[in-house]
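K.L.:
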Amino acid sequence: MHSVTRFLIGLSALLPALATPTGHTKNCVQLQIPVTASANNTRYNSVKVESNIDLVDFVWDTSTWSHANRSTEVLPVHGTYSISAQLCIPANGKKSHVLQIATHGLGFDKRYV
Amino acid sequence: MGLALTRGTFRTGKVYRVLMVCYRYWDPELKPEEYSYVDAALSKGYSILTYDRLGTGKSTKADGYSEVQLGLQVAILKELTVLAREGKLLASSKILGKSPDKSFNSYKPKKVVHVGHSLGSATTSGLLSLHGNLSDGAILTGFLPNNQSGKVGANAFGFEFARQHDPRRFGDRPAGYAVQASLSSIQQIFLKKGSFEVEALEYAEKIKQTGTVGELSSALIGKPAAEFKGPLQVSHLHPMRYGSWVDKSTSTSSARTTTLSAMVIATTHMTWRHSIVSIPQRLISVYTCSPVQAMVSLFRLMLRRVMRSCLPTWALKVSRELHEFKLQERVKGGGICFSVYRFSMF
Numbered sequence: 137m138h139s140v141t142r143f144l145i146g147l148s149a150l151l152p153a154l155a156t157p158t159g160h161t162k163n164c165v166q167l168q169i170p171v172t173a174s175a176n177n178t179r180y181n182s183v184k185v186e187s188n189i190d191l192v193d194f195v196w197d198t199s200t201w202s203h204a205n206r207s208t209e210v211l212p213v214h215g216t217y218s219i220s221a222q223l224c225i226p227a228n229g230k231k232s233h234v235l236q237i238a239t240h241g242l243g244f245d246k247r248y249v
Numbered sequence: 009m010g011l012a013l014t015r016g017t018f019r020t021g022k023v024y025r026v027l028m029v030c031y032r033y034w035d036p037e038l039k040p041e042e043y044s045y046v047d048a049a050l051s052k053g054y055s056i057l058t059y060d061r062l063g064t065g066k067s068t069k070a071d072g073y074s075e076v077q078l079g080l081q082v083a084i085l086k087e088l089t090v091l092a093r094e095g096k097l098l099a100s101s102k103i104l105g106k107s108p109d110k111s112f113n114s115y116k117p118k119k120v121v122h123v124g125h126s127l128g129s130a131t132t133s134g135l136l137s138l139h140g141n142l143s144d145g146a147i148l149t150g151f152l153p154n155n156q157s158g159k160v161g162a163n164a165f166g167f168e169f170a171r172q173h174d175p176r177r178f179g180d181r182p183a184g185y186a187v188q189a190s191l192s193s194i195q196q197i198f199l200k201k202g203s204f205e206v207e208a209l210e211y212a213e214k215i216k217q218t219g220t221v222g223e224l225s226s227a228l229i230g231k232p233a234a235e236f237k238g239p240l241q242v243s244h245l246h247p248m249r250y251g252s253w254v255d256k257s258t259s260t261s262s263a264r265t266t267t268l269s270a271m272v273i274a275t276t277h278m279t280w281r282h283s284i285v286s287i288p289q290r291l292i293s294v295y296t297c298s299p300v301q302a303m304v305s306l307f308r309l310m311l312r313r314v315m316r317s318c319l320p321t322w323a324l325k326v327s328r329e330l331h332e333f334k335l336q337e338r339v340k341g342g343g344i345c346f347s348v349y350r351f352s353m354f
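So the protein lines, in turn, are chains R and X. Sequential numbering of the first sequence, starting at 137, is according to my numbering. Sequential numbering of the second sequence, starting at 9, is according to my numbering.
(1) Looking at the ligand COA, does it come within less than 7 Å of residue 184 (chain R), judged from the CB to the closest heavy atom?
(2) Distance cutoff 8 Å, beta carbons only. Does residue 344 (chain X) sit that close to anything in chain R?
(3) Is there a Cβ of chain X sitting closer than 8 Å to that of residue 193 (chain R), yes or no?
(4) If we ignore side chains and look at the alpha-carbon of each, how far apart do residue 102 (chain X) and residue 166 (chain X) end up?
(5) Any contact between the segment 44–52 of chain X and the segment 189–209 of chain X? By contact I mean 3 or more CB pairs, one from each, below 8 Å.
(6) Quick check: the Cα distance between residue 224 (chain X) and residue 162 (chain X), rounded to an integer number of angstroms?
(7) Under 8 Å, do residue 178 (chain R) and residue 211 (chain R) count as touching if we go by C-beta distance?
(8) In angstroms, rounded to a whole number, what distance separates the CA positions of residue 235 (chain X) and residue 145 (chain X)?
(9) Can you check whether the CB of residue 180 (chain R) is closer than 8 Å to the CB of residue 215 (chain X)?
(10) Who are the near neighbours of residue 216 (chain R) in its chain, counting only those whose CB is closer than 6 Å to its CB and skipping five residues on each side?
(11) Inspect the CB distances between the segment 232–247 of chain R and the segment 48–65 of chain X and report whether three or more fall short of 8 Å.
(12) In angstroms, rounded to a whole number, what distance separates the CA positions of residue 226 (chain X) and residue 78 (chain X)?
(13) Rounded to the nearest angstrom, what separates residue 211 (chain X) and residue 219 (chain X) at their Cα positions?
(14) Can you give me the start and stop residues for the beta strand (DSSP E) that residue 169 (chain X) sits inside?
(15) State the start and end residues of the unbroken beta strand (DSSP E) segment that holds residue 192 (chain X).
(16) Roughly how many whole angstroms lie between the Cα atoms of residue 173 (chain X) and residue 185 (chain X)?
(17) Do you know offhand how far residue 384 (chain X)'s Cα is from residue 175 (chain X)'s?
(18) What is the DSSP secondary structure of residue 91 (chain X), counted as helix, strand or coil?
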């Protein structure tokens, strides 16, 4: 096969991947929502974490018994935060009046869990 | 990622376990028809809001010690829920990309169902405890509140300091932000060999995000959810390698039920799903509450495996539809009914 043809075939195979951002064919809207929220957080007095060495030390600390004596002092927090969100409504959904709000897990964002 | 049966052991007086790995995403670019929970929800006619929790993705990278903790994550989920319920999500937001059709502007849901995974389940659980009246029903996946919860902690993730680990991707993360260091550290806590595609592991690494010292220090909000009166489903979907973890006597079915029941005292309907079997496009639960139920579950599972290998496609389809119907029956309550296949793990 001619190398140019092969290149074009290869390129066309890549195109769908390039052209499929989140929500590509779905009835969705991408939002940046300013959210003002208040909460009673906790003042943990954890070790400073500004390097890999600090972080490993923190993980060690938080994973062992010595962590049991940490502070539980209430720390009120308040602020306005920008939250990235995606709202999808099915075009012809009979149950579109039911909105699911999904919250992902640790270490990922809304694409993952 | 398909079906992955690991083991099934009977223990006298103990629950029977068929631990399965099920690996799903809210909305990945990788094989969305296979992995996207958003696609699945939409195809069933439900609307769905997903968001980047504080400190991840395109949301604010707030202070990693004092701000990005479970308490504030719950408060943000509460505010998002209020905005959604009042039909003000779009009016109060900056819309990125192309404008949606007009139905979005007037959209005001009649029911809101909260779905969480892992720390997202802890966030959702906190919402039920503190603002339970804002939720009509909830599903908590990858969630096992019990006194063994310290067993899988920060030390299981293989974290590095985010900014130092990858300045290109995480240069905007301040002090106190952690990220899983490698493909292997992601595999170690999320995935069992033989039950996942390498592409999915690579994709997970590609889109990985940070967690904070504040989140890793946070304790569950264990307050009773007196105002939550909807149905609740709890799915524990730990990977198989945590078999030994969930087998501990302190996390028996009764201990779990007691712990969570104390939190959701007013729920109308609570269901436990300890095991998930995934087949393409569908997940099937295997209930493991008593030896008798376990035997029934095992029989069904075997039957299903036999069917998968022997029966024509149309028969499989009937079987799946039938099962989905049953599944929906189980979570019906409080006037809502939603399908609960395609769960996520961790």
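Beta carbons: idealized from backbone N, C-alpha and C, even for Gly. As the structure is a prediction and not an experimental result, all values here were calculated from the model.
P.N.:
Reading off the structure:
(1) Because no ligand of any kind appears in the structure shown, any question about the ligand COA cannot be addressed here.
(2) Within the second sequence, numbered from 1, the residue matching residue 344 (chain X) stands at position 336. With a pLDDT of only 31 at residue 344 (chain X), under the threshold of 50, the placement of this residue in the model should not be trusted; the figure read from the coordinates follows. Taking Cβ atoms only, chain R reaches closer than 8 Å to residue 344 (chain X), which makes this a yes.
(3) Translated into positions along the first sequence, residue 193 (chain R) becomes position 57. It does not; no Cβ of chain X falls within 8 Å.
(4) For this step, residue 102 (chain X) is matched to residue 94 along the second sequence. For this step, residue 166 (chain X) is matched to residue 158 along the second sequence. If you take the alpha carbons of residue 102 (chain X) and residue 166 (chain X), they lie about 36 Å apart.
(5) no
(6) For the purposes of this step, residue 224 (chain X) is taken as residue 216 along the second sequence, with counting starting at 1. For the purposes of this step, residue 162 (chain X) is taken as residue 154 along the second sequence, with counting starting at 1. Roughly 6 Å separates the two Cα atoms.
(7) Position 42 of the first sequence, counted from the start, is the residue given in the question as residue 178 (chain R). Position 75 of the first sequence, counted from the start, is the residue given in the question as residue 211 (chain R). Going by C-beta atoms, residue 178 (chain R) is nearer than 8 Å to residue 211 (chain R).
(8) The residue given as residue 235 (chain X) occupies position 227 in the second sequence. The residue given as residue 145 (chain X) occupies position 137 in the second sequence. Near 12 Å, if we compare the C-alpha coordinates of residue 145 (chain X) and residue 235 (chain X).
(9) By one-based count along the second sequence, residue 215 (chain X) stands at place 207. By one-based count along the first sequence, residue 180 (chain R) stands at place 44. No, the pair does not count as a contact, with Cβ atoms beyond the cut-off.
(10) Looking up residue 216 (chain R) in the first sequence gives position 80. So the qualifying residues of the chain are 170, 172.
(11) yes
(12) Start at 1 with the first residue of the second sequence, and residue 226 (chain X) comes out as number 218. Start at 1 with the first residue of the second sequence, and residue 78 (chain X) comes out as number 70. Distance between the alpha carbons of residue 226 (chain X) and residue 78 (chain X) is about 6 Å.
(13) Within the second sequence, the letter at position 203 stands for residue 211 (chain X). Within the second sequence, the letter at position 211 stands for residue 219 (chain X). Going from the Cα of residue 211 (chain X) to the Cα of residue 219 (chain X) covers about 18 Å.
(14) On the second sequence, residue 169 (chain X) is found 161 positions in, with the first residue counted as 1. Segment 167–169, the beta strand (DSSP E) holding residue 169 (chain X).
(15) Position 184 of the second sequence, counted from the start, is the residue given in the question as residue 192 (chain X). Careful: residue 192 (chain X) lies outside any beta strand (DSSP E), inside the alpha helix (DSSP H) at 191–198.
(16) For the purposes of this step, residue 173 (chain X) is identified with residue 165 of the second sequence, where counting begins at 1. For the purposes of this step, residue 185 (chain X) is identified with residue 177 of the second sequence, where counting begins at 1. Roughly 11 Å separates the two Cα atoms.
(17) Residue coverage of chain X in this structure runs from 9 to 354, which leaves residue 384 (chain X) outside it and unanswerable.
(18) Counting from 1 along the second sequence, the entry for residue 91 (chain X) is found at position 83. Here residue 91 (chain X) sits in helix by DSSP.
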